[in-house]
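All remarks here apply to the structure that follows.
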Amino acid sequence: MSTYSPLRWGFLGCGSIANRLGTDVSKLSDHKIQAIASRDAEKAAKYAEKFNVPTQHTGPDAYTKLVNDPEIDIIYVATPHNFHHEQALLALNAGKHVLCEKPFTVNLKEAEEVVAKAREKGLFLMEGVWSRCFPVWVKVRELIAEGAIGKVRQVYSDFGYGAGSLDENNQLIVGNPNGRLFSKDLIGGGLMDVGVYPINIAMMLLGEPSVVKAFGQLGSTGVDENVGVVLGFPDGALATCTTSIQVTTPFVTTIIGTKGKIEVPFWWRPKKLTLTAGGESETFEFEHEGEGFQFEAMHVAECLRAGKTESEILPLDGTLAVMRVLDAVRAEIGLVYPGE
Numbered sequence: 001m002s003t004y005s006p007l008r009w010g011f012l013g014c015g016s017i018a019n020r021l022g023t024d025v026s027k028l029s030d031h032k033i034q035a036i037a038s039r040d041a042e043k044a045a046k047y048a049e050k051f052n053v054p055t056q057h058t059g060p061d062a063y064t065k066l067v068n069d070p071e072i073d074i075i076y077v078a079t080p081h082n083f084h085h086e087q088a089l090l091a092l093n094a095g096k097h098v099l100c101e102k103p104f105t106v107n108l109k110e111a112e113e114v115v116a117k118a119r120e121k122g123l124f125l126m127e128g129v130w131s132r133c134f135p136v137w138v139k140v141r142e143l144i145a146e147g148a149i150g151k152v153r154q155v156y157s158d159f160g161y162g163a164g165s166l167d168e169n170n171q172l173i174v175g176n177p178n179g180r181l182f183s184k185d186l187i188g189g190g191l192m193d194v195g196v197y198p199i200n201i202a203m204m205l206l207g208e209p210s211v212v213k214a215f216g217q218l219g220s221t222g223v224d225e226n227v228g229v230v231l232g233f234p235d236g237a238l239a240t241c242t243t244s245i246q247v248t249t250p251f252v253t254t255i256i257g258t259k260g261k262i263e264v265p266f267w268w269r270p271k272k273l274t275l276t277a278g279g280e281s282e283t284f285e286f287e288h289e290g291e292g293f294q295f296e297a298m299h300v301a302e303c304l305r306a307g308k309t310e311s312e313i314l315p316l317d318g319t320l321a322v323m324r325v326l327d328a329v330r331a332e333i334g335l336v337y338p339g340e
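Here the sequence shown is numbered in the UniProt record's numbering, starting from 1 and rising by one per residue.
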């Protein structure tokens with residue numbers, strides 16, 4: 001049984017991702033969703049009822065009220081991508097720790113400003129790349145550190161889901177061009193929605209690349225629909241990452257070393273991995289309840305209780321490196337967002 005007081009969360013936004021994290025966090029005895037903020041009072045009320053949240057901040061100044069709520073320890077920024085920079089800064093300037101959903105910001109410039117503010121204030125800040133916190137990835141890192149597959153030389157990772165049918169130009173037929181996935185204003189498209197995951201995992205394993213090459217197709221609304229990325233690293237290692245909203249991909253990450261390989265199916269929320277080395281294969285299974293967002297929340301709590309201002313699993317310099325690569329990928333495929 002935990003001897004700590006519950007970590008009190010303030011959720012900034014109550015959309016899909018806030019519901020998913022909320023579902024898992026609400027089952028943790030030493031965590032409490034203390035407040036929810038939304039400019040839509042009806043949505044806030046429904047969320048509060050669903051997760052037994054005692055405080056609702058609504059109206060045009062909902063977010064300002066949330067970050068200044070003295071009953072909150074940490075803010076979870078769970079709004080569309082284009083708002084992350086502004087709202088993370090809002091929370092940090094109010095003296096609150098922040099978990100900011102991925103992608104961290106729209107570009108490197110914005111990310112650097114948020115990281116600089118957290119460091120100036122001495123506050124905890126982490127990007128919400130929940131995949132890194134799963135027990136499977138903890139085990140993968142352990143196996144690699146132990147030399148189970150030798151030196152890692154290649155990584156292959158994909159994340160794509162079909163969001164509709166294609167027209168005669170092999171572009172998605174868009175039913176709602178103003179929906180988040182297809183809106184450039186809301187930083188839609190595959191790269192920033194799910195492509196950030198395979199790039200993030202590849203860089204977790206290999207560090208920051210020295211070469212970034214990308215190929216991509218932009219759709220009728222201007223967002224990316226099909227993207228392939230090759231990362232080259234200073235030691236000669238390679239990573240191939242693909243993302244798509246045109247097709248559903250296998251959802252497998254394969255890590256190949258000089259002595260063997262590790263395969264992780266459904267790798268962004270995995271329950272098992274298979275190690276193949278020396279002509280033999282071994283599967284490690286890690287069952288868990290829910291989707292697995294609890295591992296991210298538990299890691300954040302561990303960091304805060306240890307007095308840390310950043311995570312060793314998701315260090316801020318690593319987040320900046322990923323944003324640098326995302327900028328490079330977009331430059332390669334000609335994807336520019338409004339205001340840049």
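All residues carry an ideal CB built from backbone N, CA and C; glycine is no exception.
Keep in mind that this is a model prediction, so the values were computed, not measured.
Exercise. Do you know whose CA, among Gly307, Leu314, Gly150, Pro198, lies nearest Thr258's CA?
Worked result: Gly150
For this session: Figure out for me which residue from Leu181, Leu206, Asn52, Ala328 has the closest Cα to the Cα of Gly162.
Result: From the listed residues Leu181, Leu206, Asn52, Ala328, the smallest Cα separation to Gly162 is found for Leu181.
For this session: Can you give me the start and stop residues for the beta strand (DSSP E) that Met126 sits inside?
Result: 125-128
Exercise. From Leu12 to Gly216, what does the alpha carbon distance come to, in whole angstroms?
Worked result: Per the coordinates, the alpha-carbon of Leu12 lies some 33 Å from the alpha-carbon of Gly216.
Problem set entry | Where His57 sits in the DSSP three-state scheme | Three-state DSSP puts His57 in a strand.
For this session: Have a look at Lys32, Arg20, Gly10, Gly15 and flag the residue whose alpha-carbon is nearest the alpha-carbon of Tyr4.
Result: For Tyr4, the nearest C-alpha among the options comes from Lys32.
Exercise. Span of the beta strand (DSSP E) holding Glu282?
Worked result: 280-285
Problem set entry | Collapsed DSSP secondary structure at Asn226 in the structure displayed | strand
Problem set entry | Where Gly22 sits in the DSSP three-state scheme | helix
Exercise. Do you know offhand how far Gly279's Cα is from Thr253's?
Worked result: 20 Å
Problem set entry | Reduced DSSP secondary structure (H/G/I, E/B, other) of Trp137 | Here Trp137 sits in helix by DSSP.
For this session: Go through its chain and collect everything with a Cβ distance to Arg305's Cβ below 7 Å, but skip five positions before and after it.
Result: Setting aside the 5 residues that flank it on each side, Arg305 is surrounded in the same chain by Tyr4, each with a C-beta closer than 7 Å to its C-beta; the list follows chain order.
For this session: Rank Glu113, Gly128, Asn68 by C-alpha distance to the C-alpha of Thr79 and give the top, closest one.
Result: Per the Cα distances, Gly128.
Problem set entry | Top-ranked residue by Cα proximity to Ala44, from Gly15, Thr64, Ala331, Lys65 | Gly15
Exercise. In this structure, does DSSP put Gln246 in helix, strand or coil?
Worked result: When secondary structure is reduced to three states using DSSP, Gln246 falls in the coil class, being assigned neither helix nor strand.
Exercise. Where Lys121 and Asn93 are concerned, what is the direct C-alpha to C-alpha distance, given to the nearest angstrom?
Worked result: 8 Å
Exercise. When you compare only the Cα positions, how much space is there between Tyr47 and Asp40?
Worked result: 11 Å
Problem set entry | Ala116, buried or exposed, once every other Cβ within 10 Å from all chains shown has been counted against 16 | exposed
Problem set entry | Exposure label - Thr105; buried when at least 16 CB within 10 Å | buried
Exercise. Roughly how many whole angstroms lie between the Cα atoms of Asn176 and Pro234?
Worked result: 43 Å
For this session: Please indicate yes or no: does the CB of Trp130 lie closer than 7 Å to some heavy atom of the ligand COA?
Result: Inclusion of the ligand COA in the displayed structure is not the case, the ligand content being empty and no account of it being possible.
For this session: With a floor of 4 residues, list each alpha helix (DSSP H) that falls wholly inside the UniProt domain "GFO/IDH/MocA-like oxidoreductase" (138-263), ordered by position along the chain.
Result: 196-206
For this session: Report the three-state DSSP secondary structure of Cys100 (helix, strand or coil).
Result: strand
Exercise. The beta strand (DSSP E) with Phe11 in it runs from where to where?
Worked result: Here the beta strand (DSSP E) through Phe11 covers 7-12.
Exercise. Nearest to Thr309 by alpha carbon, out of Val98, Val25, Ala62?
Worked result: Distances from the alpha-carbon of Thr309 to those of Val98, Val25, Ala62 put Val98 closest.
For this session: Identify which residue in Leu218, Glu112, Met203, Arg153 has its Cα closest to the Cα of Leu166.
Result: Leu218
Problem set entry | Status (buried if at least 16 other CB within 10 Å, exposed otherwise) for Val336 | exposed
For this session: Could you please give the first and the last residue of the uninterrupted alpha helix (DSSP H) stretch that includes Ile333?
Result: 316-333
Problem set entry | Beta-carbon gap between Gly188 and Val223 smaller than 8 Å | yes
Exercise. With distances taken between CB atoms, is the gap from Val196 to Val114 smaller than 8 Å?
Worked result: no
For this session: Return the Cβ separation of Phe134 and Pro270 in integer angstroms, given the expectation that the two are a contact with Cβ distance under 8 Å.
Result: 6 Å
Exercise. Okay, do the stretch 18-25 and the stretch 289-298 touch, 3+ Cβ pairs below 8 Å being the bar?
Worked result: yes
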